[in-house]
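Encoded as structure tokens, the structure appears first; notes follow it.
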Amino acid sequence: MGMTMAYGDADESGGIDAIRRAHELGVTMIDTAELYGMGTGSNERLVGRAIQDFRDEVLVATKFGYDFTDPSKFDGSLNSKPERIVQVVENSLGYLGTDHIDVLYQHRVDPAVPIEEVAGTVGELVEAGKVRFFGLSEAGPNTIRRAHTVHPVSVLQTEYSIFERAVEVEVLPVLRELGIGFVAYSPLGRGLLTDQIKPAAEYPLNDMRRSDERWQPGNYEHNVNAVRKLRDIADTKGWTVSQLALAWLLAQGADIVPIPGTRRQARVEENVAAATITLSADELRAVDEILPHGAAGARYPAAMLPQW
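Numbering follows the numbering used here, in which position 19 of the sequence shown is assigned residue number 660; successive positions increment by one, without gaps.
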């Protein structure tokens, strides 16, 4: 997402280089969405250009679910009507320059469209060979169960990190019961779990962190203090905080795949190296003691939080 929106100015050249470097290092899942181009396809086109020489060596995931029938008037409204899903898939296939999407997610649950209709529509796209696997994003246990009875849900994508652990209570147990994988987005807390942290006011106006609650006075100081303590653990092993955070996620189960985003090749290399780290029981316990309840501040404004 950050290659084209929400984290300052777009950097398509840096994004393409980062994706290609990730492939060289063995990364096999590339995640995009209609939303990341605000209905214009800019992010999917970027991904398509980046992977054109190795398309069959990676899994490409994209998402539908927002109403971009008039991008100039986009207000965050949802639209998962069957005909809209079909149209978005046709658009995405063209933007990505491919004949199939490996993982198709519903980006957010649309309360106006029964999840059974959504699952049925994606199932038809699977039968047509345009999609391989069905995924959900930010869906709750009941929605997951209902969708899964119509067409198998392969993966759920939701925010999960040392700073955001709500999925552990109700969501992960259901996924494991049903044999559904988990894709953790924002595994580095939108940059909080890195060595590059600064107060909200220092981010540009087109960077979401400028208004994110976790960067606001009071919350920011609490969260930075937690990162300092995490850095103390990482420093003793020669790791970065980012590597510690990703290794922690990987330690939560073999069914969990974090998808850190970056526009820099050096960060790709740093992130990928986290896959070689194995945390001890003592190290895992130390992380829990530093952040027993996650970050200070909500991950989204109340109006944007998913309603399960």
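Each residue gets a CB set at the ideal place from its N, CA and C atoms; glycine is no exception.
- Counted as a single uninterrupted DSSP element, the alpha helix (DSSP H) harbouring D873 occupies residues N860 to K878.
- Around the beta carbon of G717, fewer than 16 other beta carbons lie within 10 angstroms, which makes this residue exposed.
- Ranked by how close their Cα comes to the Cα of V754, the residues N912, V767 and G706 have G706 in first place.
- Within the same chain, and ignoring the five residues on either side of P899 in sequence, the residues whose Cβ sits closer than 6 Å to its Cβ are A825, P828, L887 and L890.
- Just measuring C-alpha positions, the residue of K771, E809 and G770 sitting nearest G781 is E809.
- Scanning its chain for C-beta atoms nearer than 7 Å, with the 5 sequence neighbours on each side dropped, one finds no residue around A922.
- Where L816 is concerned, the enclosing alpha helix (DSSP H) starts and stops at V808 to L819.
- Each residue's CA atom was taken as its position, placing V928 and E910 some 23 Å apart.
- If you check the CB distance, L833 and N864 come in under 7 Å.
- Cβ-Cβ distances below 8 Å link R869 to nothing in the same chain once the five nearest sequence neighbours on each side are left out.
- Annotation: S883 to R831 spans about 11 Å, alpha carbon to alpha carbon.
- Of all C-beta pairs linking the stretch 719-738 to the stretch 689-700, three or more are shorter than 8 Å, placing the two stretches in contact.
- For T710, no alpha helix (DSSP H) run applies, since DSSP gives it neither H nor E.
- Comparing alpha carbon positions, the residue from R908, L813 and Q798 closest to Q837 is R908.
- The beta-carbon distance between F823 and I897, rounded to whole angstroms, is 5 Å. This is short enough to meet the 8 Å contact definition.
- Take I918, set aside five residues on each side of it, and the residues of its chain with a beta-carbon closer than 7 Å to its own are W880, Q884 and A888, in chain order.
- Per DSSP, I660 is one residue of the alpha helix (DSSP H) stretching across E653 to E665.
- Following the DSSP letters along the chain, one finds G822 inside the beta strand (DSSP E) bounded by residues G822 to Y826.
- Taking 7 Å as the cut-off, the beta carbon of T681 is found no closer than this to the beta carbon of T703.
- In this structure I756 touches T784 by the C-beta definition: roughly 5 Å separates them, less than 8 Å.
- Counting other Cβ atoms within 10 Å of its Cβ, P901 reaches 16 or more and is therefore classed as buried.
- Taking 7 Å as the cut-off, the beta carbon of R662 is found closer than this to the beta carbon of Q906.
- Around the Cβ of D751, a 10 Å sphere holds 16 or more other Cβ atoms; the residue is buried.
- Counting every other CB atom within 10 Å of its CB across the protein chains shown gives S852 a total below 16, marking it as exposed.
- Here F695 is exposed. Its C-beta has fewer than 16 other C-beta atoms within 10 Å.
- At a Cβ-Cβ threshold of 7 Å, E854 and G776 do not count as neighbours.
- For I726, the CB contacts under 6 Å within the same chain, skipping 5 residues up- and downstream, are F705 and T762 in chain order.
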